Amino acid sequence: MFGEQQRFVLLLIAPAALLMLLFQVVPIVIGANASFRDWTLYNPKKIWVGLAHYHSVITDPAFLYVVLPNTFIFMIVSVLGALVTGLALALLLNRPFRGQKIVQTILLVPLMVAPVVAAIMVRWIFNDQFGIANVVLETIGLEGQPWLVQRWSAFCIIVLTDIWLWTPWFTLLLLAGLQSLPKEPFEAAAIDGTSAWRVFRYLTLPMLRPVIVVCVVIRAIDAFRTFDIVWTLTSGGPGRSTELFSLYAYVLAFLNLDLGRGSAAAITGGLIILVLGVVMYRVVDRVARA
Amino acid sequence: MPMVTRPEFLPGLPNWSRKTFFALGLAAICFGFAFPVLWLILTSLRPESGIYYVHRGTEFTLGNFKEVLGQERIVEAFINSAVISTLATVFSLLVTVSSGYMLSRFTGPAARIWFGTIYVFRCVPYISWVLPLYFVVQSWGIYDTYVGLLLPHIAVHICFFSWLMKGFFDGIDPSMEYAAMIDGCSRWGAFIRVAIPSALPAISALAVLCWLFTWNEFLFALILTGNRVPVITVVMAQFVTEMGLHWNLMAATAVMALLPAFLIALFGQKYVIRGLRI
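Going down the list, the protein sequences come from chains W and V. The first sequence maps to residues 1 to 290 in the numbering used here. The second sequence maps to residues 291 to 568 in the numbering used here.
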């Protein structure tokens with residue numbers, strides 16, 4: 001039925017495809033089915049309710065005015081923050097200096113830290129009574145803040161933790177990118193006495209663009225579904241003011257025990273990021289070809 | 291050929307002060323980056339009476355670690371995490387290396403469809419399929435078991451790692467494989483004996499990343515495991531709420547959770563940096 005080459009190709013992807021079918025496709029189908037039904041965990045009647053769950057999610061003010069804006073602000077600020085810091089550090093590490101290896105190792109530390117551990121550390125640092133942040137503030141005569149129970153300070157801390165966690169990821173990929181750039185244009189620029197800023201603006205940045213775009217796309221998609229650090233830092237509080245989309249779906253399904261609505265929320269978010277992902281893929285493709 | 295030098299950092303200053311500024315700046319950046327971890331380590335070494343004023347006092351102890359290691363549930367969680375991470379790494383690599391190879395070496399509808407599928411599933415947020423996955427693993431009777439956590443972990447790595455692996459194979463010239471096939475190697479022979487050995491640095495990088503990702507993963511473990519298979523990230527997250535006041539024990543557990551990841555990453559750093567050129 002298949003030629004020798006087709007069989008080889010299919011066998012290469014068969015295990016991966018099978019696993020994805022069982023553990024991603026099947027659950028998504030079940031979730032989609034549940035999202036159209038009255039499916040609470042304590043009383044799974046499984047009655048067809050059509051789009052009612054989607055309607056209630058989309059018209060939920062908490063979803064529209066808190067969760068979605070939070071998710072997008074979080075995604076944009078944390079990706080941009082990590083990109084800028086990561087690029088700066090990659091440029092720093094790309095020039096040889098004494099102790100470069102040690103500095104590089106230290107800067108890669110957050111990559112190894114589990115988000116949950118990072119969140120625990122940050123919670124301890126910003127503990128309102130005994131955290132070092134407040135101790136320092138009080139020592140220099142300022143008033144300590146209950147950081148994690150105020151909406152915007154809590155949100156800023158979540159974003160900063162995320163930037164800290166993911167900066168090394170950008171540093172690593174951009175450094176690898178920098179090191180694989182051709183040397184000649186930089187030598188020519190150095191001979192011409194071009195200023196460092198112009199070298200960066202007109203040589204490094206354009207040549208690095210494909211790598212930057214790929215990193216940003218990958219990271220943006222991941223940032224959209226962030227769960228661990230928010231769950232451990234604030235659990236979405238105070239109130240529900242720092243809830244991101246993943247948390248919203250989790251709370252609906254496992255704390256309110258309403259799998260139907262939870263699935264509807266998860267699928268709504270999934271569709272949003274899917275559309276964004278396809279748009280971003282187009283952008284990547286265009287940049288990579290240019 | 292003239293000597294080419296890079297544009298200097300802060301060109302207006304004399305040499306020694308430039309160097310000092312550079313060193314101070316570096317030290318500040320490194321300190322800022324490492325501070326949370328340092329603070330955690332410091333906290334983990336302080337006795338219970340000292341943790342509320344970690345910044346004062348000079349009393350240090352390893353008692354926290356002893357107390358934590360005395361708790362069966364935590365030790366069990368460490369072992370579970372290590373076993374699952376290692377198994378997930380081995381199986382993920384087996385699955386993704388071949389799928390990345392396929393993406394890199396073949397064009398045509400099959401490869402395009404597979405790449406499209408991978409990209410789309412990469413975008414699907416975990417929560418969208420982990421919620422119903424809870425029912426799937428329950429109905430298959432693998433809820434709260436090694437297998438029930440391991441298989442989803444392998445599945446989630448497929449998309450991203452196949453993508454990375456494709457990039458690695460793209461950077462390797464296929465002419466060696468063609469030469470091997472002309473000399474009588476089968477396709478499988480060319481893949482296993484020629485392509486995989488030349489991709490070994492990249493595969494090592496992937497192994498390091500895979501181990502770290504699995505060790506650090508939280509959401510899957512939170513939803514797919516209960517009491518029988520405690521995993522370290524979940525146990526720690528429960529800790530924060532249950533033992534909120536025992537920050538010294540909390541810190542000791544967290545430091546121990548960091549340790550294996552640090553060792554793996556220190557050992558694997560050079561592979562990761564060499565292997566991650568996309």
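The C-beta atom is built at its ideal place from N, Cα and C for all residues, glycine as well. Model, not experiment: these values are computed from the prediction.
Inter-residue Cα distance where the pair is residue i and residue j
{"i": "Glu349(V)", "j": "Gly340(V)", "result": "8 Å"}
{"i": "Arg395(V)", "j": "Pro464(V)", "result": "8 Å"}
{"i": "Arg95(W)", "j": "Met455(V)", "result": "28 Å"}
{"i": "Val251(W)", "j": "Ile102(W)", "result": "43 Å"}
{"i": "Ala114(W)", "j": "Trp501(V)", "result": "12 Å"}
{"i": "Met471(V)", "j": "Phe481(V)", "result": "10 Å"}
{"i": "Trp124(W)", "j": "Val327(V)", "result": "11 Å"}
{"i": "Phe200(W)", "j": "Leu174(W)", "result": "14 Å"}
{"i": "Leu499(V)", "j": "Ser241(W)", "result": "33 Å"}
{"i": "Met291(V)", "j": "Ile191(W)", "result": "Caution is warranted here: a pLDDT of 38 is assigned to Met291(V), below 50, making its placement in the model unreliable, and the coordinate value is therefore given only provisionally. When rounded, the distance between both Cα atoms is 10 Å."}
{"i": "Val525(V)", "j": "Ala367(V)", "result": "7 Å"}
{"i": "Val284(W)", "j": "Gly144(W)", "result": "45 Å"}
{"i": "His536(V)", "j": "Gln361(V)", "result": "14 Å"}
{"i": "Pro422(V)", "j": "Arg37(W)", "result": "13 Å"}
{"i": "Cys320(V)", "j": "Leu93(W)", "result": "12 Å"}
{"i": "Val176(W)", "j": "Leu12(W)", "result": "Sequence inspection shows Ala at residue 176(W); the Val mentioned does not correspond to that position. Spanning the two alpha carbons is a distance of roughly 29 Å."}
{"i": "Ile132(W)", "j": "Trp505(V)", "result": "28 Å"}
{"i": "Thr310(V)", "j": "Trp197(W)", "result": "22 Å"}
{"i": "Leu165(W)", "j": "Gln6(W)", "result": "43 Å"}
{"i": "Ser263(W)", "j": "Phe405(V)", "result": "26 Å"}
{"i": "Val136(W)", "j": "Leu332(V)", "result": "16 Å"}
{"i": "Ile158(W)", "j": "Ile229(W)", "result": "7 Å"}
{"i": "Gly86(W)", "j": "Ile522(V)", "result": "29 Å"}
Exposed unless 16 or more other CB atoms sit within 10 angstroms - verdict on residue i
{"i": "Ala317(V)", "result": "exposed"}
{"i": "Gly558(V)", "result": "buried"}
{"i": "Glu243(W)", "result": "buried"}
{"i": "Val116(W)", "result": "buried"}
{"i": "Arg225(W)", "result": "buried"}
{"i": "Gln129(W)", "result": "exposed"}
{"i": "Ala188(W)", "result": "exposed"}
{"i": "Leu490(V)", "result": "exposed"}
{"i": "Gln179(W)", "result": "exposed"}
{"i": "Asn305(V)", "result": "exposed"}
{"i": "Ile120(W)", "result": "buried"}
{"i": "Pro168(W)", "result": "buried"}
{"i": "Glu507(V)", "result": "buried"}
{"i": "Ser429(V)", "result": "exposed"}
Boundaries of the alpha helix (DSSP H) in which residue i is found, first to last residue
{"i": "Gln104(W)", "result": "Gln100 to Leu107"}
{"i": "Tyr248(W)", "result": "Phe245 to Tyr250"}
{"i": "Thr232(W)", "result": "Asp228 to Leu233"}
{"i": "Asp460(V)", "result": "Tyr436 to Asp460"}
{"i": "Val148(W)", "result": "Here residue 148(W) is Leu; the residue named in the question, Val, does not match the sequence. Element bounds for Leu148(W): n/a, residue is neither H nor E."}
{"i": "Gln24(W)", "result": "Segment: none, Gln24(W) is in no alpha helix (DSSP H) and carries neither H nor E."}
{"i": "Gly353(V)", "result": "Gly353 to Leu359"}
{"i": "Thr242(W)", "result": "Thr242(W) -> no alpha helix (DSSP H), and no H or E assigned at all."}
{"i": "Val213(W)", "result": "Leu205 to Phe224"}
{"i": "Ser418(V)", "result": "Tyr416 to Ser429"}
{"i": "Gly86(W)", "result": "Leu68 to Asn94"}
{"i": "Pro464(V)", "result": "Careful: Pro464(V) lies outside any alpha helix (DSSP H) and carries neither H nor E."}
{"i": "Tyr409(V)", "result": "Pro399 to Cys413"}
{"i": "Cys475(V)", "result": "Neither: Cys475(V) is in no alpha helix (DSSP H) and is coded neither H nor E."}
{"i": "Arg336(V)", "result": "Taken as a continuous stretch (DSSP letters only), Arg336(V) belongs to no alpha helix (DSSP H), as it is neither H nor E."}
Residue from the options whose Cα sits closest to the Cα of residue i
{"i": "Glu467(V)", "options": "Tyr391(V), Phe508(V), Val519(V) and Thr379(V)", "result": "Tyr391(V)"}
{"i": "Phe105(W)", "options": "Thr71(W), Thr171(W), Asn127(W) and Pro69(W)", "result": "Before going on, a small fix: residue 105(W) reads as Thr here, not Phe. Of the listed residues, the one whose Cα sits closest to Thr105(W) is Thr171(W)."}
{"i": "Arg98(W)", "options": "Phe321(V), Leu352(V), Arg363(V) and Ala313(V)", "result": "Ala313(V)"}
{"i": "Leu83(W)", "options": "Leu203(W), Ile140(W), Asn33(W) and Leu208(W)", "result": "Leu208(W)"}
{"i": "Phe254(W)", "options": "Ser388(V), Ser371(V) and Ile417(V)", "result": "Ile417(V)"}
{"i": "Val385(V)", "options": "Ala118(W), Leu19(W) and Ala154(W)", "result": "Leu19(W)"}
{"i": "Leu148(W)", "options": "Cys156(W), Gln179(W) and Gly141(W)", "result": "Cys156(W)"}
{"i": "Tyr42(W)", "options": "Val287(W), Leu259(W) and Arg282(W)", "result": "Leu259(W)"}
{"i": "Ile221(W)", "options": "Thr232(W), Met75(W) and Asn256(W)", "result": "Met75(W)"}
{"i": "Val214(W)", "options": "Trp453(V), Trp505(V), Val545(V) and Ser488(V)", "result": "Trp453(V)"}
{"i": "Tyr54(W)", "options": "Leu271(W), Ile158(W) and Arg286(W)", "result": "Leu271(W)"}
{"i": "Gln528(V)", "options": "Asn538(V), Ala542(V) and Leu512(V)", "result": "Leu512(V)"}
{"i": "Met280(W)", "options": "Arg518(V), Tyr409(V) and Leu359(V)", "result": "Tyr409(V)"}
{"i": "Ala372(V)", "options": "Tyr436(V), Ser494(V), Ser388(V) and Asn354(V)", "result": "Tyr436(V)"}
{"i": "Ile374(V)", "options": "Ala541(V), Met546(V), Leu539(V) and Thr515(V)", "result": "Thr515(V)"}
Distance cut-off 6 Å: residue i Cβ against heavy atoms of the ligand GDP
{"i": "Thr268(W)", "result": "Questions concerning the ligand GDP fall outside what the structure shown contains, since it holds no ligand whatsoever."}
| What are the residues of the segment 60-90 of chain W that lie near chain V, defined by any Cβ-Cβ distance shorter than 8 Å? | Leu89
| task | Identify each residue in the segment 414-444 of chain V for which the Cβ-Cβ distance to at least one residue of chain W is less than 8 Å, and report them in chain order. | result | Val414, Pro415, Tyr416, Ile417, Ser418, Trp419, Val420, Leu421, Pro422, Leu423, Phe425, Val426, Leu441, Pro442 and Ile444
| query | For the segment 306-334 of chain V, which residues have a CB atom closer than 8 Å to at least one CB atom of chain W, in sequence order? | reply | Under the 8 Å Cβ criterion, the segment 306-334 of chain V contributes Phe312, Leu316, Ile319, Cys320, Phe323, Ala324, Pro326, Val327, Trp329, Leu330 and Thr333.
| If you measure beta-carbon to beta-carbon, which residues of the segment 263-289 of chain W are closer than 7 Å to chain V? | Ser263, Ala266, Ile267, Gly269, Gly270, Ile273, Leu274, Gly277 and Tyr281
| task | Identify each residue in the segment 6-40 of chain W for which the Cβ-Cβ distance to at least one residue of chain V is less than 7 Å, and report them in chain order. | result | Phe8, Val9, Leu12, Ile13, Pro15, Ala16, Leu19, Met20, Phe23, Gln24, Val26, Pro27, Ile28, Ile30, Gly31 and Ala34
| said: To be precise: take each residue of the segment 104-115 of chain W, compare its Cβ to all Cβ atoms of chain V, and keep it if any distance is under 9 Å. Which residues remain? | reply: Gln104, Thr105, Ile106, Leu107, Leu108, Val109, Pro110, Leu111, Met112, Val113, Ala114 and Pro115
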